[in-house]
């Protein structure tokens, strides 16, 4: 403790450029602060400060020691704060960004349950499909779907994002059921335009991915519109199960080409890289991971048809 006290006295003297002001900030007498600096220099065997009647300045050794001391004290304060955070009740405003469809279909009910469980937390939820900058725009975290870009953000997997080919019973009765990916060229395939390879549907054949070119009468950047159009019998779609899982459960859509795996990705919670995680972010991320998990409820109909792997 004596060494830490000496470090704190040294830092305050340097920061305030005054023994008198440093003593006031530390609630000590000037003589005590002077003695601590003198004892510190004696123990180190080096002069840390140049003293004149008009000003104080750091020696070269003092500058290096000051930089080390400030890092040590900052680490100590942060360690204490991290422990305090773990025991503190989560509270405050949580600013979250998420894709529109996933937010409306799945986060809305999850947030209602979360707020009931944690009444001291407020949530500001922004739903949009653009790629936001969490740090510049002040978000605590974001829900992102798909393969993540390289970044300094921390990512926690919340659930698999499984893709399926499906169509309505009415469409299949009228146009037939494709048995292989190649037969999709004979069908009206509805295109999701918000990805670079919109007209190239990817299927896993053995250990390799194979692209099949498709086309159709409807192109849109909204998955909900594609789902409703497919339910109405317009054509065949590829959608993530979080968008079409309920329609599959109700029999409004039927899965096709179950012998062929579609490319899979994940649903993530991402947040800025901090040296310790605030309680409000930690409990929200843990809550979503528990609620969705490796076998999310929107996959119930699919998993009853085909035993998918637990990991995406």
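Numbering (full-length UniProt numbering), first residue to last: 1 to 312. Even glycine gets a Cβ: it sits at the ideal position worked out from N, Cα and C. Because the structure is a prediction, the values reported are computed rather than measured.
Quiz item: How many Å lie between residue 303 and residue 264 at the Cα?
Solution: Taking the CA atoms as reference points, residue 303 sits about 15 angstroms from residue 264.
Quiz prompt | Complete runs of the alpha helix (DSSP H) confined to the stretch 224–275 [at least 4 residues] | solution = 241–250
Exercise. Would you please state the rounded distance, in angstroms, between the beta carbons of residue 94 and residue 287? I believe it to be under 8 angstroms.
Key: Rounded, the Cβ-Cβ distance is 11 angstroms, inconsistent with contact.
Quiz item: For the stretch 174–186 against the stretch 210–223, are there 3 or more C-beta pairs whose distance is under 8 angstroms?
Solution: yes
Exercise. Please name the residue, chosen from 252, 295, 129, that lies closest to residue 223 on a Cα-to-Cα basis.
Key: The residue with the shortest Cα to Cα distance from residue 223 is 129.
Quiz item: Count the other CB atoms within 10 Å of the CB of residue 41; is the residue buried (16 or more) or exposed (fewer)?
Solution: It counts as buried.
Exercise. Mind checking who residue 95 pairs with in its DSSP beta bridge?
Key: 124
Exercise. Determine the closest residue to residue 170 out of 305, 33, 254, 126, with distance taken between C-alpha atoms.
Key: 254
Quiz item: Residues bridged to residue 159 by DSSP?
Solution: 267
Quiz item: Going by DSSP, which residues form a beta bridge with residue 50?
Solution: Paired residue(s): 57.
Quiz prompt | When 158, 176, 76 are compared against residue 106, the one with the closest alpha-carbon | solution = 158
Quiz item: Along the chain, where does the beta strand (DSSP E) that runs through residue 135 open and close?
Solution: Careful: residue 135 lies outside any beta strand (DSSP E) and carries neither H nor E.
Quiz item: Is the stretch 107–116 in contact with the stretch 130–137, if contact means three or more CB pairs nearer than 8 angstroms?
Solution: no
Quiz item: In or out: residue 186 buried (at least 16 other Cβ within 10 Å) or exposed?
Solution: exposed
Exercise. Confirm, please, whether the CB-CB distance from residue 30 to residue 23 is below 7 angstroms.
Key: yes
Quiz item: For residue 56 versus residue 100, is the C-beta spacing smaller than 7 angstroms?
Solution: no
Practice problem: Indicate whether the contact test is met: 3 or more Cβ pairs, each with one atom in the stretch 189–202 and one in the stretch 230–239, closer than 8 angstroms. | Solution: yes
Quiz item: Quick one: what's got a C-beta closer than 8 angstroms to residue 120's C-beta in the same chain, skipping five residues either side?
Solution: 89, 90, 91, 92
Quiz item: Which term fits residue 206, buried or exposed, when burial requires 16 or more other beta carbons within 10 angstroms of its beta carbon?
Solution: exposed
Quiz prompt | Buried versus exposed, by CB contacts within 10 Å (16 or more), residue 250 | solution = Result: exposed.
Self-check item: Classification of residue 195 by the beta-carbon crowding that lies within 10 angstroms, buried from 16 upward
Solution: So residue 195 counts as exposed.
Quiz prompt | residue 312 (DSSP reduced to helix, strand or coil) | solution = Per-residue confidence for residue 312 stands at a pLDDT of 38, beneath the threshold of 50, marking its modelled position as unreliable; the derived number appears in the next sentence. In the three-state scheme derived from DSSP, where H, G and I count as helix and E and B as strand, residue 312 is classed as coil.
Quiz item: In this structure, what does DSSP give as the bridge partners for residue 203?
Solution: 210, 262
Exercise. Since I believe residue 44 is in contact with residue 33 (beta carbons under 8 angstroms), could you give me their beta-carbon distance rounded to a whole number of angstroms?
Key: About 17 angstroms; that fails the 8 angstroms criterion.
Quiz item: Which of the three DSSP states, helix, strand or coil, is assigned to residue 118?
Solution: coil
Quiz item: According to the neighbour-count rule (16 or more other Cβ atoms, all chains shown, within 10 Å of its Cβ), is residue 176 buried or exposed?
Solution: The residue is exposed, with fewer than 16 neighbouring Cβ atoms inside 10 Å.
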